[in-house]
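Numbering (our numbering), first residue to last: 877 to 1252.
Heads up, the beta-carbon is just placed ideally off N, CA and C, and yes, glycines get one too.
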């Protein structure tokens, strides 16, 4: 009988899913479709908020703990039950553990320390160093993240495999163009105006103050200005972003609808005039691909993994240059031919990223390291 592969699914206990939760959920769903025979044990801290459809070869082990779950519960339990391998899709390898593979998503805390509290920076620094040392192998979600790990931590590149995210199937274009259902317009206070959409945490690293300043700079040049919709849950120092909106006199042009549920997000992306994401640093940039998959033209930053993911399918701007962002916004808003060209290129680009391929490559990494562990 095969020894199970263990997977840490503690991220699925979150009430609202963002990057790491979506990655864990979609990868698990794709693995369940791909491999229906090899046994898997899923370790959770409390019952997950939701789970994808799983086969009879997958079992759930709920081992709750109020604090230090990774080190006090996951590690000792996995070591005692001796899985073939422990896979951690996000964050930290337990202090005591069986042979493990971990996914490291980005080094945002290292690139932009001011976007985190001092305590959180120290925690991320120590856990990243530990995971790099303790894991048998590391999965990075982009070449950018891999290069950052090699540069800043002198990680062995031979121990790091790049496996890109995919795009969920419900992010698709529509035949009705930018039509948005009246109930969604009412729910998110969008009136009957076109809108530019950003989706992500409201925090300084996302470069939203410069985006607001660029939007204010562009407004006088527009006869019928669109709304700017900044959607996402509040993060570190989000109040300064809201305050800058008021200081610029943009209250009637900017919306902060909060976290957008998965059920509404594709429709809001399809209905947008353009998607704007000039983040200062990303380890991948999933919202960019989701917008492209919906047929929405994209403006994004020309650095970090955003250039790597968008390639030539988005309008790339210098995220540190407010004038450049403003010029990009004006081009997107005023040039219908540019928007159509970006739409076509974006659809083709997004089609290259699938969760099926992510699962195939991830499983290959896991199986290779199970084999290596058996010879160790």
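For residue i and residue j, which I take to be in contact (beta-carbon distance under 8 Å), what is that distance rounded to the nearest angstrom?
{"i": "residue 1060", "j": "residue 1140", "result": "6 Å"}
{"i": "residue 1214", "j": "residue 1152", "result": "The Cβ separation is near 14 Å, so there is no contact."}
{"i": "residue 987", "j": "residue 1157", "result": "5 Å"}
{"i": "residue 1133", "j": "residue 1105", "result": "7 Å"}
{"i": "residue 1107", "j": "residue 1074", "result": "7 Å"}
{"i": "residue 961", "j": "residue 1246", "result": "5 Å"}
{"i": "residue 995", "j": "residue 989", "result": "With 8 Å as the limit, residue 995 and residue 989 do not qualify as a contact, their Cβ atoms being about 12 Å apart."}
{"i": "residue 1030", "j": "residue 1077", "result": "Incorrect: roughly 30 Å between the Cβ atoms, too far for contact."}
{"i": "residue 1177", "j": "residue 1193", "result": "7 Å"}
{"i": "residue 1205", "j": "residue 1090", "result": "6 Å"}
Determine, using beta carbons only, whether residue i and residue j come nearer to each other than 8 Å.
{"i": "residue 886", "j": "residue 921", "result": "yes"}
{"i": "residue 924", "j": "residue 889", "result": "yes"}
{"i": "residue 985", "j": "residue 1138", "result": "no"}
{"i": "residue 1189", "j": "residue 1221", "result": "yes"}
{"i": "residue 1168", "j": "residue 1225", "result": "yes"}
{"i": "residue 1018", "j": "residue 1082", "result": "no"}
{"i": "residue 1040", "j": "residue 913", "result": "no"}
{"i": "residue 1058", "j": "residue 1209", "result": "no"}
{"i": "residue 919", "j": "residue 937", "result": "yes"}
{"i": "residue 983", "j": "residue 1021", "result": "yes"}
{"i": "residue 974", "j": "residue 959", "result": "yes"}
{"i": "residue 953", "j": "residue 935", "result": "no"}
Along the alpha helix (DSSP H) that carries residue i, what are the first and last residues, could you check?
{"i": "residue 1138", "result": "Per DSSP, residue 1138 belongs to no alpha helix (DSSP H) and is neither H nor E."}
{"i": "residue 1218", "result": "1212-1226"}
{"i": "residue 1185", "result": "1180-1186"}
{"i": "residue 1064", "result": "It is not in any alpha helix (DSSP H) - residue 1064 carries neither H nor E in the DSSP assignment."}
{"i": "residue 1024", "result": "1019-1029"}
Give the straight-line distance between the Cα atoms of residue i and residue j, rounded to the nearest whole angstrom.
{"i": "residue 1181", "j": "residue 1012", "result": "25 Å"}
{"i": "residue 992", "j": "residue 1094", "result": "30 Å"}
{"i": "residue 980", "j": "residue 1098", "result": "42 Å"}
{"i": "residue 899", "j": "residue 1144", "result": "21 Å"}
{"i": "residue 1186", "j": "residue 1199", "result": "21 Å"}
{"i": "residue 1008", "j": "residue 884", "result": "17 Å"}
{"i": "residue 1119", "j": "residue 1232", "result": "42 Å"}
Among the options, whose alpha-carbon lies nearest the alpha-carbon of residue i?
{"i": "residue 1048", "options": "912, 1235, 1246, 1171", "result": "1171"}
{"i": "residue 906", "options": "1199, 1246, 1238", "result": "1238"}
{"i": "residue 1235", "options": "1042, 914, 1032, 1112", "result": "1042"}
{"i": "residue 1195", "options": "1064, 1100, 1001, 1179", "result": "1179"}
{"i": "residue 1085", "options": "1023, 884, 1121, 914", "result": "1121"}
{"i": "residue 969", "options": "1002, 938, 998, 942", "result": "1002"}
{"i": "residue 851", "options": "1128, 1067, 1159, 880", "result": "No answer is possible for residue 851: the residues shown for the chain start at 877 and end at 1252."}
{"i": "residue 972", "options": "1006, 1014, 943, 999", "result": "1006"}
What first and last residue would you give for the beta strand (DSSP E) that runs through residue i?
{"i": "residue 1043", "result": "Careful: residue 1043 lies outside any beta strand (DSSP E) and carries neither H nor E."}
{"i": "residue 917", "result": "916-920"}
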